[in-house]
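Residue numbers (our numbering): 21 to 280. In this text, a Cβ means the ideal position worked out from N, Cα and C, and glycines have one as well. All remarks here apply to the structure that follows.
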């Protein structure tokens, strides 16, 4: 027991020592951490994980009446992911209304079926990322490798125990992909001026395995005039996951119709 306590104290002291370090980091240190984080993400994706997820989405402006906000809260308690494919239930609440959906994500498509029905719908995954940015491990990994900055790790606690936390600031291209907002030319300049994003990636102690991903995003769609605020988190644990297959058939729909 004494040995375990001593080991924990060593971890805490090392983390506290890092707190006094300068806020600016060398590019070499950031690249080293980025590669380590990306490796943990790739390992989780290739070996298979189970996850729980929480999503909060708030929309203001545009078609939303002035002074009001459209808020959506979604959760999943039974998700599994492997090789870029995911399967999960998705419980959506808005106000007093709640609906259950079954979802399958492939590398390019999102498949959705309302619970209790048999008809699947499909739409491009890239247009729906703001509903679950933390779940897009391929995009999270790319964002880490191309990040504008990566913080030094800090010691924190997650549901599975202690973890290293890294704060990742996405580059502009990944910022647009994470928010599923397509902008070009002068609209892109306006979007980037008002948009912000932060990915918080947690790796376990010991092991440095992926433990949790958080995405915190804000941005405005210049075309619609709608501002969105997204807070999405995913807690991860290792699991034996078989091959995840999409439905045999699904009707293609526009992204805004996927939950109808």
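query                                                                                                                             : result
Same chain, Cβ closer than 6 Å to residue 156, five either side skipped, listed in chain order                                    : 149
Status (buried if at least 16 other CB within 10 Å, exposed otherwise) for residue 97                                             : exposed
Sequence-distant residues of its chain with Cβ nearer than 6 Å to residue 140 (five each side left out)                           : 131, 133, 267, 270
Segment contact, 8 Å Cβ cut-off, at least three pairs: the stretch 245–254 with the stretch 76–94                                 : yes
Residue 111 beta carbon less than 9 Å from that of residue 83                                                                     : no
Own chain partners of residue 232 with C-beta closer than 6 Å, once the 5 adjacent residues on each side are dropped              : 178, 222, 255
Which listed residue (195, 204, 265) has its alpha carbon closest to that of residue 106                                          : 265
Counterpart residues of residue 233 in DSSP-defined beta bridges                                                                  : 221, 254
Spatially closest choice to residue 192 from 230, 218, 138, by CA coordinates                                                     : 218
N- and C-terminal bounds of the beta strand (DSSP E) containing residue 141                                                       : 141–144
Beta-ladder partner(s) of residue 164, from DSSP                                                                                  : According to DSSP, residue 164 bridges with nothing at all.
Cβ neighbour criterion (16 or more within 10 Å) applied to residue 121                                                            : buried
Cutoff 6 Å; reference residue 261; Cβ partners in own chain excluding five residues on either side                                : 68, 100, 102
Residue burial classification, residue 143 (beta-carbon count within 10 angstroms, cutoff 16)                                     : buried
Inter-residue spacing [alpha-carbon to alpha-carbon] between residue 173 and residue 129                                          : 34 Å
Beta-carbon contacts of residue 168 that lie in its chain and below 6 Å, excluding the five residues immediately before and after : 189, 191
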